[in-house]
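> One structure follows; several queries about it will come next.
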Amino acid sequence: MTASAASPIILRTTGVSKMFGNFVALNNISAEFERGVITSIIGPNGAGKSTYFNVLSGAFRPTTGKVEFEGRDVSNLSQHRFAHLGIAKSFQITNIFPHLTVHENVRVALQALVSRYDIWRARSTLPGLTERADELLALVGLKDRRARRARDLAHGEQRALEIGMALAADPRLLLLDEPTAGMSPEETRIMMDLIVRLAGERTVILVEHKMKLVMGISHRVLVLHHGELLAQGTPAEVRQNEQVKRVYLGQREH
Amino acid sequence: MIDIAPTIATSSSKSYGWFDLAMRHRVLLASIFVLIFPFVMPFTALAVNILIYGLYALGFNLLFGYLGLLSFGHAALFGTGAYLCGIAIVHFGLPWYAAIAVGVLSALVMATLIGSLAIRTRGIYFAMVTMALAQCVYYLFYQAVDWTGGENGLRGINVRTINLFGLQFDFINPLVRYYVVASFVILAFFVLSRILASPFGAVIEAVRENEARARASGYNVIATRLITFVLSGGFCGLAGALSALHLSIVPIESLHYETSGTAVMMTLLGGMGTFFGPFVGAAVFLLLENLVSLWTVHWQLIVGAVFVVCVLFFPEGIWGTILKRIKP
């Protein structure tokens, strides 16, 4: 591991703003994310959570400011490069390869790290992919679904599959955008357990609309409101924050 | 849309039915079919035409069926292959095999040019940009009369004998001609099957299924599209080169947008995203054209009606529907 990889800060945004035309979606957000913990980004609807997430995951380039991953400026990097750096993400809307089997979904995600342009050898001869895909499926609890078409899975299972695919790159940083959106309470509980288990070995940044849900599992919480960083700290600190109370009280906690 | 997954079994399922077995040996089966094909056709020249257009549609299908990009400019790739093969023979006196190589290489270069310009657009815009660029190529060849013969087409591609390993074959003999073309088509089956079963074949599937996910997984979607476009161009260029040898002339129509449309029709008719579908589509299309035009000059009306019925009631195409029905 390099010196930067051992630093306690894995991701840093400095003065990040994002404009869509004249609309300021994010205004001058500077924040640091600690290695090895779960950090949640919360805020009411339209707070800029998803925009911030998209900047962190490379889907949007910040209008001003920069994003540094392990000391390296990644603000202007193409999105497909992120997986190779060690950053993986899951989407807010379920994003899988619907007609491939569950196993093939994870396998093709794994393959991105070893072979992308080989048009000649048989893909079945790539070593280790099949086994590694099975390990990941076991980790996210989909082992007995491996031969099913991905689109035939239940919603919660598809979200779990997505996380399995995100883990394929063995990321040091895992970005999850509303991983429990649209889930039943039972599915939500399973997903939360999974996230806590994953956070043991890697850094997790989580965007979530439901404040209550993440308070229990997060080490740090960032609160966004109207595109600005309203507060940050431990869940207890954030809960006591007067401004946060005012923002969330208006619309009741979900 | 594409339910007949072109996936080579990668999971370690133990029991292979006859269907999976047939899928795994699709190159062999398709080759056997091609070898006996001329004997079930009314005349051999038609069989050669079907082979050539089947190969053209096969290349088009790699981009359209497997990657999901609709090009309306594949005539430029077919035509470039045909013209450059012809020019190599007429103006430079190259032997037939070198001329084919020149045709394929030029089509690859042309595909790289057109692809680089068009590949950042998608959907209808991609179709329009490829079509516009193909029209540019059309006028380029149309104007270069000294090289291409302009509107009269490039004439005088006379290949009478095929020399191979010291053996001489009479290329005027229709059956010999058929098997020369067939050997290239079988080679193309083999190469296409390798591509589809390769790691890159998995990337093609991933990009077709979900671009955003493929990108997030670490695949360069633009590069994948461009490489697929160029590979597709290689097959179409080979088809063009073979057509130049077969017809002894390259008509300017081979660059016309109607030729681009033919590939779309044949692929949809046979079944997009299936290995053998484009070939079936080409066979049905050309058979209809040849048989119906025997009793009416309005053969296009009948072909058009069959096409509409197919698209409406068999959206998976003729071969795609058959595969779906017989799949256990």
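Here the protein sequences line up with chains X and Z, keeping their order.
Using the numbering used here, the first residue of the first sequence is number 2, and each one after it goes up by one.
Using the numbering used here, the first residue of the second sequence is number 1149, and each one after it goes up by one.
Ideal Cβ positions, reconstructed from N, Cα and C, are used throughout, including at glycine.
1. So the alpha helix (DSSP H) Z/Gly1241 belongs to, where does it begin and stop?
2. Which of the three DSSP states, helix, strand or coil, is assigned to X/Ile97?
3. Whole angstroms are fine: how far does the CA of X/Leu138 sit from the CA of Z/Ala1345?
4. Along the chain, which unbroken stretches of the alpha helix (DSSP H) at least 4 residues long are found entirely within the region 1302 to 1376 of chain Z?
5. List the residues of chain Z whose Cβ lies closer than 7 Å to the Cβ of X/Asp119, in chain order.
6. For the beta strand (DSSP E) holding Z/Ser1402, just list the boundary residues, first then last.
7. Can you name the residues that DSSP bridges to X/Gln256?
8. Tell me the rounded alpha-carbon separation between X/Thr15 and X/Ser58.
9. Using a Cβ cut-off of 9 Å, which residues of the region 73 to 105 of chain X contact any Cβ in chain Z, in chain order?
10. Once the 5 residues before and after X/Phe21 are set aside, which same chain residues still bring their CB inside 7 Å of it?
11. When you compare only the Cα positions, how much space is there between X/His216 and X/Val25?
12. Based on the DSSP output, what are the partners of X/Ser91 in its beta bridges?
13. Can you check whether the C-beta of Z/Lys1162 is within less than 8 Å of a C-beta belonging to chain X?
14. Check whether the Cβ atoms of Z/Pro1097 and Z/Ala1195 sit closer than 8 Å, and answer yes or no.
15. Rounded to the nearest angstrom, how far is the Cβ of Z/Thr1228 from that of Z/Ser1254, given a contact under 8 Å?
16. Tell me which residues share the same chain as Z/Ile1343 and place their Cβ nearer than 6 Å to its Cβ, disregarding the 5 neighbours each side in the sequence.
17. Could you give the DSSP three-state label for Z/Met1413: helix, strand or coil?
18. Please report the distance separating the alpha-carbon of Z/Ser1331 from that of Z/Ala1266.
19. Are the beta-carbon atoms belonging to X/Asp178 and X/Gln241 less than 8 Å from one another?
20. Is it right to say X/Lys90 is buried, meaning 16 or more other beta carbons lie within 10 angstroms of its own, or is it exposed?
21. Any idea if Z/Phe1181 is buried or exposed, counting beta-carbon neighbours within 10 angstroms, 16 or more meaning buried?
22. Sorted by chain position, which residues of the same chain lie with C-beta nearer than 6 Å to X/Ala48's C-beta, five sequence neighbours on each side aside?
23. Determine the DSSP secondary structure at X/Val215, reduced to helix, strand or coil.
24. Once you ignore the five residues that flank Z/Tyr1290 on each side, which residues in its own chain have a CB closer than 7 Å to its CB?
25. Closest Cβ-Cβ distance between X/Met20 and chain Z: below 8 Å?
26. Of all the alpha helix (DSSP H) runs that stay within the bounds of the region 104 to 190 of chain X, which reach a length of 4 or more residues?
27. Which same chain residues end up closer than 7 Å to Z/Thr1376 when comparing Cβ atoms and leaving out the 5 residues on each side of it in sequence?
28. Compare the C-beta of Z/Ile1343 against all C-beta atoms of chain X and say whether one is closer than 8 Å.
29. Shorter than 8 Å from the beta carbon of Z/Asn1209 to some beta carbon of chain X?
30. Flag this pair as yes or no: are the beta carbons of X/Thr102 and X/Ala167 separated by less than 8 Å?
31. Name, please, each residue of chain Z whose Cβ falls closer than 7 Å to the Cβ of X/Leu199.
32. Shorter than 8 Å from the beta carbon of Z/Glu1464 to some beta carbon of chain X?
33. For Z/Leu1403, does the count of other Cβ atoms within 10 angstroms reach 16, so buried, or fall short, so exposed?
34. Going by DSSP in three states, Z/Glu1464 sits in which element: helix, strand or coil?
35. Applying a beta-carbon distance threshold of less than 8 Å, which residues of chain Z neighbour X/Gln112?
According to the structure data:
1. Note, Z/Gly1241: premise wrong, no alpha helix (DSSP H); not H, not E.
2. coil
3. 23 Å
4. 1322 to 1345, 1347 to 1357, 1359 to 1365
5. Ser1346, Pro1347, Phe1348
6. It is not in any beta strand (DSSP E) - Z/Ser1402 carries neither H nor E in the DSSP assignment.
7. With chain X covering only 2 through 255, there is no way to say anything about residue 256 of chain X.
8. 15 Å
9. Ser79, Gln80, His81, Arg82, Phe83, Ala84, His85, Ala89, Lys90, Ser91, Phe92, Asn96, Ile97, Phe98, Pro99, His100, Leu101, Thr102, His104, Glu105
10. none
11. The question names His, but residue 216 of chain X in the sequence shown is Met. About 28 Å.
12. X/Leu177
13. Low confidence applies to Z/Lys1162: its pLDDT is 47, below 50, so where it sits in the model is not reliable enough to give any reading.
14. Examination of residue 1097 of chain Z is not possible in this model, given that chain Z is present from 1149 through 1476 alone.
15. 5 Å
16. Gly1349
17. helix
18. 33 Å
19. no
20. buried
21. exposed
22. Leu225, His226
23. helix
24. Gly1298, Glu1299, Ile1400
25. no
26. 130 to 140, 156 to 168
27. Leu1210, Leu1211, Leu1215, Ile1352
28. yes
29. no
30. no
31. Near X/Leu199 there are no residues of chain Z at all, since even the closest Cβ is about 17 Å away, more than 7 Å.
32. no
33. buried
34. coil
35. Pro1347, Ala1350, Val1351
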